[in-house]
Amino acid sequence: MKEVIVAENLTKEYFKSFKYKKEGLTKEVTVALDGISFKIYDGEFISIMGPSGSGKSTFVNLISTIDSPTKGKIFINGKRTSGLSETALSKLRSETIGFVFQDFNLIDNLTISENISVPLKLSGISLKEIKERISDISEKLNISEILEKYPAECSGGQIQRCAIARALINNPKVIIADEPTGNLDSVNSKIILNIFKELNEKFGITILIVTHDPLTASYSKKTINIIDGKIEKSIERKDLSQREYFDKILNLVSGEIDI
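Throughout the sequence shown, residue numbering follows full-length UniProt numbering, covering 1 to 259 in sequence.
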């Protein structure tokens, strides 16, 4: 399989404070990520787990180029991100990665259709093609009937489907979803997770989900557990049923599994 995103020895440090010691003024830092190396291949469905403060969100922010590492290298489609101009990096990001967030990040005074079209308008695509893409993606996600509504007029599940549509509208190779079901009830969570599953299995889109929830992770094919800024362990579903995989994930996050 083709490598879509490659991370090599990623380290992220955040400034904490200056302190005076015998040797003079020293800088103290918090290490959020500590030398992580990782590859994401075309067509994978991966879940990233870990407790609060483990570094999982920092890791995703780095590989999606929202933030920059203190040390290490990131490659997207074979291109090293640190060597690109901001314009080139933005173009590479928009063409390769679609984002789905827990809090939806929709613009309240735009209709659902207008929200979905924002990435296309920034890409300079014609109005005709924008309408065609919105029509196509809204049918796939069953949101055609709400395109002219505003976010406040829609349910949480409908809004998250809109957010997924916006993430898909540029035909990205990878969807990165940060706690995508965190604000949804169990019924809508299941709908959204099945959408991700279909996108992966039917259309071959690479999915990366950040979650604290073992049930959400059980929809993926591979689960990685990050502890204290390092990849502790990972497991693959392979031929396991979803229930068996769920149980294995529970053991993974509780530290009871030996891999």
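Ideal placement from N, C-alpha and C gives every residue a C-beta, glycine not left out.
Remark: C-beta atoms of Arg93 and Thr65 approach each other more closely than 7 Å. Taken in chain order, the complete alpha helix (DSSP H) segments of 4 residues or longer contained in the region 101-130 are 112-122. In this model, Val31 and Thr70 are separated by some 10 Å (Cα to Cα). Here Glu44 has Thr206 as same chain residues with Cβ atoms under 6 Å from its own Cβ, once five neighbours each way along the sequence are excluded. Following the DSSP letters along the chain, one finds Lys91 inside the alpha helix (DSSP H) bounded by residues 86-96. Nearest neighbour of Thr26 by Cα position, chosen from Glu129, Phe15, Lys238, Lys131, turns out to be Phe15. Taken in chain order, the whole beta strand (DSSP E) runs of length 3 or more contained in the region 22-93 are 24-41, 45-49, 71-76.
For secondary structure counted as the beta strand (DSSP E) over 3 or more consecutive residues, the region 135-194 holds these complete runs in sequence order: 174-178. Measuring C-alpha to C-alpha distances from Ser138 to each of Gln160, Lys121, Ala152 identifies Gln160 as the nearest. Secondary structure of Lys16 (DSSP, three-state): strand.
Taking a cut-off of 8 Å for Cβ pairs, the region 123-142 and the region 67-81 do not touch, as fewer than three such pairs fall below it. In the structure shown, Ile5 falls within a strand segment according to DSSP collapsed to helix, strand and coil. For the pair Ile46 and Ser220, the CB atoms are nearer than the 7 Å cut-off. Leu127 is classed as exposed because its beta carbon has fewer than 16 other beta carbons within 10 Å across all chains shown.
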